[in-house]
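Colleague: To start, I am sharing the structure in question, which I have written as structure tokens.
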Amino acid sequence: MKKIVITLIPLALFFGLVTLLFLNMGYHNEHVPSPLIGKSVPSFELPLLYEDKTMTEQDFIGEPWLLNVWGSWCPNCLYEHPVVTDLAQSGKLKVVGLNWKDEFSDADNWLKRLGNPYDVILVDYVGNTAIDFGVYGAPESFLIDANGIIVHKIVGELTPENVANEILPKLAQLQ
Amino acid sequence: MNTRYLALILLLLSSSSLWAIEVYDFKNQQQRELYQELTQELRCLVCQNQNLADSDADLAKDLKNQVADFVMNNQDKDTILAYMVQRYGDFVTYNPPLNAGTFFLWFSPFIVLLIGAVILIFNIRKKKQ
Chain F
1 MKKIVITLIP LALFFGLVTL LFLNMGYHNE HVPSPLIGKS VPSFELPLLY EDKTMTEQDF
61 IGEPWLLNVW GSWCPNCLYE HPVVTDLAQS GKLKVVGLNW KDEFSDADNW LKRLGNPYDV
121 ILVDYVGNTA IDFGVYGAPE SFLIDANGII VHKIVGELTP ENVANEILPK LAQLQ
Chain Y
1001 MNTRYLALIL LLLSSSSLWA IEVYDFKNQQ QRELYQELTQ ELRCLVCQNQ NLADSDADLA
1061 KDLKNQVADF VMNNQDKDTI LAYMVQRYGD FVTYNPPLNA GTFFLWFSPF IVLLIGAVIL
1121 IFNIRKKKQ
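Chains as they are written, first to last, in this note's numbering: chain F, 1 to 175; chain Y, 1001 to 1129.
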């Protein structure tokens, strides 16, 4: 009896490992947790897409805002565009675009075709500001409070679900 | 026919990262080595099972440029790693620091070793009897 139990141990361990790996398979995603949550927005000075001036992070102090990183080259930005538009039109918070590594004419055409949901659009042609924000793909969105602290980050497209379950509750907590 | 095979082999070989040409104008060999070391150790965030040196993703190129800039401006290794970790978290380095979150990662091999040792001792004792 004892011998049977001992010989079964490796088998049990094996199945335990299989179960563990199997469970982790569903859990695995490519989301890198941001170390910037709870910290101040990195400082930047960026030109605007449609105005001949630059803005810094200080210009956004005073009300909560959402920074949405996008590019006309990014397929999922197309996918999330209606959601960004709905959120911006709801008037619940200011939605700011960060046009990342994009050509002006491409970005302009994209917005003309689909509509421009943004309050203002910052341009990061080189990509340095995106690196400061820890961006590693588009789209990404940052919820920032009135004092310039990053409250939440969504990696990947905004959906009606993550707006309703993450962005809006976090925003409500701020007010 | 033979030349075709040769061409194919050369083509395959040339895709190896060993043949990658770095375009940066480093001042000396130390800088070149530090750059190599850092890009080996930093993870490409887009293609997560590659390091920066091996990756050709746009973001990886930007990050490599950033690393090269720092190296050419005589920043040391710790400063550059800290810069990356502040933005992308511990995940960005293939050599994660020891802290509460990574404790299991670092010590699980020793736990397995311990289990093995216990089994071994148990078996030896049994044989002696």
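All C-beta atoms, glycine included, are put in the ideal place defined by N, C-alpha and C.
Does any CB atom of chain F fall closer than 7 Å to the CB of Y:Y1024?
Modeller: Locating residue 1024 of chain Y in the second sequence gives position 24, where the first residue counts as 1. With 7 Å as the cut-off, Y:Y1024 does not count as an interface residue toward chain F.
Colleague: Looking at the unbroken alpha helix (DSSP H) that takes in F:K170, where does it start and where does it end?
Modeller: Your numbering for residue 170 of chain F matches position 170 in the first sequence. F:K170 -> alpha helix (DSSP H) spans L168 to L174.
Colleague: CA-CA distance, Y:V1112 and Y:Q1040?
Modeller: By 1-based counting over the second sequence, the position of residue 1112 of chain Y is 112. By 1-based counting over the second sequence, the position of residue 1040 of chain Y is 40. Those two C-alpha atoms are separated by around 28 Å.
Colleague: Hey, quick one: how far does the alpha helix (DSSP H) through Y:I1119 stretch, first residue to last?
Modeller: Within the second sequence, the letter at position 119 stands for residue 1119 of chain Y. Looking at the DSSP string, the run of the alpha helix (DSSP H) that includes Y:I1119 is F1103 to K1128.
Colleague: Quick check: is the beta carbon of Y:V1046 nearer than 7 Å to any beta carbon in chain F?
Modeller: The residue labelled residue 1046 of chain Y in the question sits at position 46 within the second sequence. Y:V1046 counts as touching chain F.
Colleague: With 7 Å as the threshold, decide whether the Cβ of F:Y136 is near any Cβ in chain Y.
Modeller: In the first sequence, the residue the question calls residue 136 of chain F occupies position 136. Closer than 7 Å to some Cβ of chain Y, the Cβ of F:Y136 qualifies, so yes.
Colleague: Anything in chain F within Cβ reach of Y:Q1198, meaning under 7 Å, just list it in chain order.
Modeller: Because chain Y here runs from 1001 to 1129, residue 1198 of chain Y falls outside it and cannot be looked at.
Colleague: Hey, is Y:D1069's beta-carbon within less than 7 Å of any beta-carbon in chain F?
Modeller: Taking the first residue of the second sequence as 1, we reach residue 1069 of chain Y at position 69. Not an interface residue.
Colleague: Whole angstroms are fine: how far does the CA of F:T159 sit from the CA of Y:K1077?
Modeller: Counting from one through the second sequence, the residue named residue 1077 of chain Y turns up at place 77. Counting from one through the first sequence, the residue named residue 159 of chain F turns up at place 159. Cα-Cα distance, rounded: 40 Å.
Colleague: Run down chain F in chain order and give the residues with a C-beta less than 8 Å from the C-beta of Y:L1089.
Modeller: Reading the second sequence from its first residue, position 89 is the one you call residue 1089 of chain Y. Just to set this straight, residue 1089 of chain Y is Gly in the shown sequence, not Leu. Chain F residues near Y:G1089: V32, P33, S34, P35 and G134.
Colleague: Along chain F, which residues have their Cβ under 8 Å away from the Cβ of Y:Q1066?
Modeller: Position 66 of the second sequence, counted from the start, is the residue given in the question as residue 1066 of chain Y. Near Y:Q1066 (Cβ distances below 8 Å), the residues of chain F are N128 and I131.
Colleague: Identify each residue in the stretch 91–109 of chain F for which the Cβ-Cβ distance to at least one residue of chain Y is less than 9 Å, and report them in chain order.
Modeller: Correct list: K101.
Colleague: Should the stretch 34–52 of chain F be called in touch with the stretch 117–136 of chain F, which here means at least 3 C-beta pairs below 8 Å?
Modeller: Touching, per the Cβ criterion.
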